[in-house]
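Q: Have a look at the structure that comes next, please.
Protein chains: 2
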Amino acid sequence: MPEDKNPEDKNAAVSETTGEAVGPSAAATRPGTPRERARARTVADILRLGREQLALHGAAALSLRAVARDLGVVSSAVYRYVESREELLTLLLIDAYNELGDEVDAAVAAVPEGDFGGRFAALGGAVRGWALREPSRYALLFGSPVPGYRAPAERTTAPGTRVISALMTILDGAFRAGQLSAQGRPGPAVPAGLARDLAKIRLEFGLAVPDDLLARGALAWTSLFGAVSFEVFGQYGEDSFTDRGQLFDHHLAVLADVAGLRAAGAVP
Amino acid sequence: MPEDKNPEDKNAAVSETTGEAVGPSAAATRPGTPRERARARTVADILRLGREQLALHGAAALSLRAVARDLGVVSSAVYRYVESREELLTLLLIDAYNELGDEVDAAVAAVPEGDFGGRFAALGGAVRGWALREPSRYALLFGSPVPGYRAPAERTTAPGTRVISALMTILDGAFRAGQLSAQGRPGPAVPAGLARDLAKIRLEFGLAVPDDLLARGALAWTSLFGAVSFEVFGQYGEDSFTDRGQLFDHHLAVLADVAGLRAAGAVP
DNA sequence: GTTTATTGAGAGCAGTGCTCTCTTTAATCA
DNA sequence: TGATTAAAGAGAGCACTGCTCTCAATAAAC
Chain A
1 MPEDKNPEDK NAAVSETTGE AVGPSAAATR PGTPRERARA RTVADILRLG REQLALHGAA
61 ALSLRAVARD LGVVSSAVYR YVESREELLT LLLIDAYNEL GDEVDAAVAA VPEGDFGGRF
121 AALGGAVRGW ALREPSRYAL LFGSPVPGYR APAERTTAPG TRVISALMTI LDGAFRAGQL
181 SAQGRPGPAV PAGLARDLAK IRLEFGLAVP DDLLARGALA WTSLFGAVSF EVFGQYGEDS
241 FTDRGQLFDH HLAVLADVAG LRAAGAVP
Chain B
1 MPEDKNPEDK NAAVSETTGE AVGPSAAATR PGTPRERARA RTVADILRLG REQLALHGAA
61 ALSLRAVARD LGVVSSAVYR YVESREELLT LLLIDAYNEL GDEVDAAVAA VPEGDFGGRF
121 AALGGAVRGW ALREPSRYAL LFGSPVPGYR APAERTTAPG TRVISALMTI LDGAFRAGQL
181 SAQGRPGPAV PAGLARDLAK IRLEFGLAVP DDLLARGALA WTSLFGAVSF EVFGQYGEDS
241 FTDRGQLFDH HLAVLADVAG LRAAGAVP
């Protein structure tokens, strides 16, 4: 008789709870009613199983029924916790963005604050490392959009911008320290429309980097993910490059130069 | 009673026929038995419908049953022409690679032979133009691999390497014409393993470009697709960049410089 | 005109996402 | 502690998918 009177509330609870439980594996010792704790634990289990499936078989093969089986429960039961397959994908998306963000932040923080070239290299290496370790999850974030699925921007934008934020922080820091410059070769002119966009970004993020260098930073950003994507998605042939690490490191070094960073270890 | 005695032969015929019919829409006036011609026409129809579905709903949503419906035929009938969904995906993959290759070649050929910077820009613009016009097909080629699907290298490598071949041709031509150089700033050292790979590539494609510039060319290649993928896959936010064309052109100009090309219109 | 290879139809299997109803379980309140 | 009630799981069912198998119709080839 109680039946589903207000499923909205239930789903909202799901989202909020998992939104918190997404990071590390907290939420078990958190207070709350026993029901809430059991619920959070089940959602966390679903997320964990989803992550496993995602890693094993890829995003498009992610099956709620399979998750239910792994969970030892009938398929309709998981709908008590997750609104839909899309919702689960969104949770996994946020989860993956945050894991990547955490690793990038940690890698960057491990390099001395003033070593901007080193931090840039650390950031790039962390992205590549995570991507190669988690190709399916990387594909979910940076590959073709899952058909019929549109990520809800209001939930994914924040975690999804962590890497570019970290990169901008490095470049801005370098610029303010006088270690970011076109080094005597100004790039192509920045047309008015692009300049407006860059000005808005500079304002929004509180940056000091001028237009040309900011555009170059954006190029370094897209190029980094281009290189990683090529490697993860198998765009280099089978045997073209035997040591992809060397290729990537070379690319990263050139990109640091493109961005205006003094190459690590280079003598001015 | 005849039944399926040798399905292999049939499928081989399919592949060959469509392998030819894939480019423009020939294969209708070609000789052959009436059966063969009717078959080729049906396969071409399937391919056309598949291309439409692919463009409309994306690769993972490509459904043989839907193609059968559009074809006005029961689902099992299409299996007489296409071995499986994978096979259809492979055909569409080859089809898309060739269309992209054709457009890139045409765009490059429209620029005077000696204008290497112009040809580079034309190549990049053609890739971007096609990608924005055909996002689903671009995603099939350069996005996350379709789950459970592994493209057969022996059939897709040739059409899949047309863009990088065109790019290498431009860069090698520029180098031989003395218009490709590090311009006084040698990049990072090329380690031994990478140098070996590059030497093999140089030999295989008959190039003259030295290691450092060849590696930079590879970076320009991956970066080009990185920029296009970011745009097509929506990695830039909704409103970060209002005029993406300007951003891309700027990136392309910087990449030409990275590759060692004299920027178009620049004074030496 | 007969033979025979090819093609399409249809049923069927195992899987998917998702909904609906019914029953069981377990937390909460008197 | 015992009754109430909210939450959760079970199970059937719908519409869809890829793919296989068998059988009947068709049309080319001899």
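So the protein lines, in turn, are chains A and B. All residue numbers for the first sequence refer to UniProt numbering, where the first residue is 1 and numbers rise by one. All residue numbers for the second sequence refer to UniProt numbering, where the first residue is 1 and numbers rise by one. Using N, Cα and C, we set each Cβ at its ideal position, and we do this for glycine too.
State the Cα-Cα distance for the pair residue 60/B and residue 145/B, rounded to the nearest angstrom.
A: Approximately 10 Å between the Cα atoms of the pair.
Q: Do you know offhand how far residue 85/B's Cα is from residue 152/B's?
A: Cα to Cα, residue 85/B sits roughly 14 Å from residue 152/B.
Q: Taking Cβ-Cβ distances shorter than 8 Å, what residues in chain B pair up with residue 157/A?
A: In chain order: 237.
Q: Give the straight-line distance between the Cα atoms of residue 154/A and residue 160/B, rounded to the nearest whole angstrom.
A: Spanning the two alpha carbons is a distance of roughly 37 Å.
Q: Answer yes or no: do residue 162/B and residue 104/B have a C-beta to C-beta separation smaller than 8 Å?
A: For residue 162/B and residue 104/B, yes; Cβs fall inside 8 Å.
Q: Judging by CA-CA distance, which residue of 96/A, 125/A and 183/A is the nearest neighbour of residue 48/A?
A: Of the listed residues, the one whose Cα sits closest to residue 48/A is 96/A.
Q: Whole angstroms is fine: what's the gap from residue 150/B's alpha carbon to residue 107/B's?
A: In a straight line, the C-alpha of residue 150/B is about 30 Å away from that of residue 107/B.
Q: Which ranges does the alpha helix (DSSP H) cover as unbroken runs of at least 4 residues, wholly within the segment 141-178 of chain A, from first to last along the chain?
A: Listed in chain order, the complete alpha helix (DSSP H) runs (minimum 4 residues) inside the segment 141-178 of chain A are 153-160 and 162-176.
Q: So that I know if they touch, is there some Cβ in chain B lying closer than 8 Å to that of residue 118/A?
A: Not an interface residue.
Q: Could you check the C-alpha separation between residue 100/A and residue 80/B for me, to the nearest Å?
A: Distance between the alpha carbons of residue 100/A and residue 80/B: 46 Å.
Q: Take the Cβ of residue 135/A as the centre, count every other Cβ of all protein chains shown within 10 Å, and call the residue buried at 16 or more, exposed below.
A: With 16 or more other Cβ atoms within 10 Å, it is buried.
Q: Could you tell me the distance, in whole angstroms, from the CA atom of residue 29/B to the CA atom of residue 71/B?
A: Legend: pLDDT at residue 29/B = 46, less than 50; position of this residue unreliable, value from coordinates given subsequently. Those two C-alpha atoms are separated by around 21 Å.
Q: Taking the alpha carbon of residue 253/A as the reference point, which residue from 190/B, 169/B and 69/B has its own alpha carbon closest?
A: With distances taken between Cα atoms, residue 253/A lies closest to 190/B.
Q: Counting contacts by CB-CB distance shorter than 8 Å, is residue 268/A in contact with chain B?
A: With a pLDDT of 39 at residue 268/A, under the threshold of 50, the modelled position of that residue is not reliable, and the figure given next carries that caveat. Closer than 8 Å: no.
Q: Identify whether residue 56/B lies in helix, strand or coil by the three-state DSSP scheme.
A: Helix at residue 56/B.
Q: Mark residue 214/B as exposed unless 16 or more other C-beta atoms lie within 10 angstroms of its C-beta, in which case mark it buried.
A: It is buried - the Cβ of residue 214/B has at least 16 other Cβ atoms within 10 Å.
Q: For residue 89/A, tell me which candidate among 243/A, 62/A, 166/A and 115/A has the shortest Cα-Cα distance.
A: Cα-wise, what sits closest to residue 89/A is 62/A.
Q: On the DSSP letters alone, give me the boundaries of the alpha helix (DSSP H) that residue 104/B sits inside.
A: Note, residue 104/B: alpha helix (DSSP H), 85-109.
Q: Closest by CA to residue 121/A, which one among 33/A, 40/A, 36/A and 166/A?
A: Nearest of 33/A, 40/A, 36/A and 166/A to residue 121/A, Cα basis: 166/A.
Q: What would DSSP say about residue 62/B, mapped onto helix, strand or coil?
A: Reduced to three states, the DSSP call for residue 62/B is coil.
Q: Cβ of residue 172/A within 8 Å of Cβ of residue 208/A?
A: Closer than 8 Å, so yes.
Q: Just verifying my parser: in three-state terms, what is the DSSP assignment at residue 207/B?
A: Three-state DSSP puts residue 207/B in coil, outside helix and strand.
Q: Tell me, to the nearest whole angstrom, how far the beta carbon of residue 77/A is from that of residue 68/A; I am working on the premise that it is less than 8 Å.
A: Between residue 68/A and residue 77/A the Cβ distance is about 6 Å, and since that is below 8 Å, they are a contact.
Q: Using a Cβ-Cβ distance under 8 Å, would residue 169/B count as near chain A?
A: Chain A, which has no Cβ nearer than 8 Å to the Cβ of residue 169/B, makes this no.
Q: Under 9 Å Cβ-Cβ, which residues of chain A neighbour residue 101/B?
A: Correct list: empty, because the minimum Cβ distance to chain A is about 15 Å.
Q: Quick one: list the residues of chain A neighbouring residue 188/B, beta-carbon separation under 7 Å, in chain order.
A: Those within 7 Å of residue 188/B in chain A are 250, 253, 254 and 263.
Q: Residue 243/B and residue 234/A look like a contact to me (Cβ under 8 Å); what is the Cβ gap, rounded to whole Å?
A: In fact, because the Cβ distance is near 33 Å, the residues do not count as touching under 8 Å.
Q: Taking the alpha carbon of residue 246/B as the point to measure from, which residue in 156/A, 197/A, 139/A and 111/A has its own alpha carbon closest?
A: The shortest Cα separation from residue 246/B among 156/A, 197/A, 139/A and 111/A belongs to 197/A.
Q: Are the beta-carbon atoms of residue 219/B and residue 240/A separated by less than 8 Å?
A: Cβ atoms of residue 219/B and residue 240/A: not closer than 8 Å.
Q: Along chain B, in chain order, which residues have C-beta atoms closer than 7 Å to that of residue 246/A?
A: In chain order: 191, 193 and 194.
Q: Anything in chain B within Cβ reach of residue 241/A, meaning under 7 Å, just list it in chain order.
A: Here the neighbours are 197.
Q: List the residues of chain B that residue 201/A touches, going by C-beta distances under 8 Å, in chain order.
A: Correct list: 240.
Q: With distance defined between alpha-carbon atoms, name the residue in 137/B, 143/B and 33/B nearest to residue 58/A.
A: Residue 58/A has its Cα closest to that of 143/B, out of 137/B, 143/B and 33/B.
Q: Closest to residue 262/A by CA distance: which of 94/B, 175/B, 176/B and 185/B is it?
A: Per the Cα distances, 185/B.
Q: Check whether the Cβ atoms of residue 277/B and residue 216/B sit closer than 8 Å, and answer yes or no.
A: Given a span of 1 to 268 for chain B in the structure shown, any question on residue 277/B remains unanswerable.
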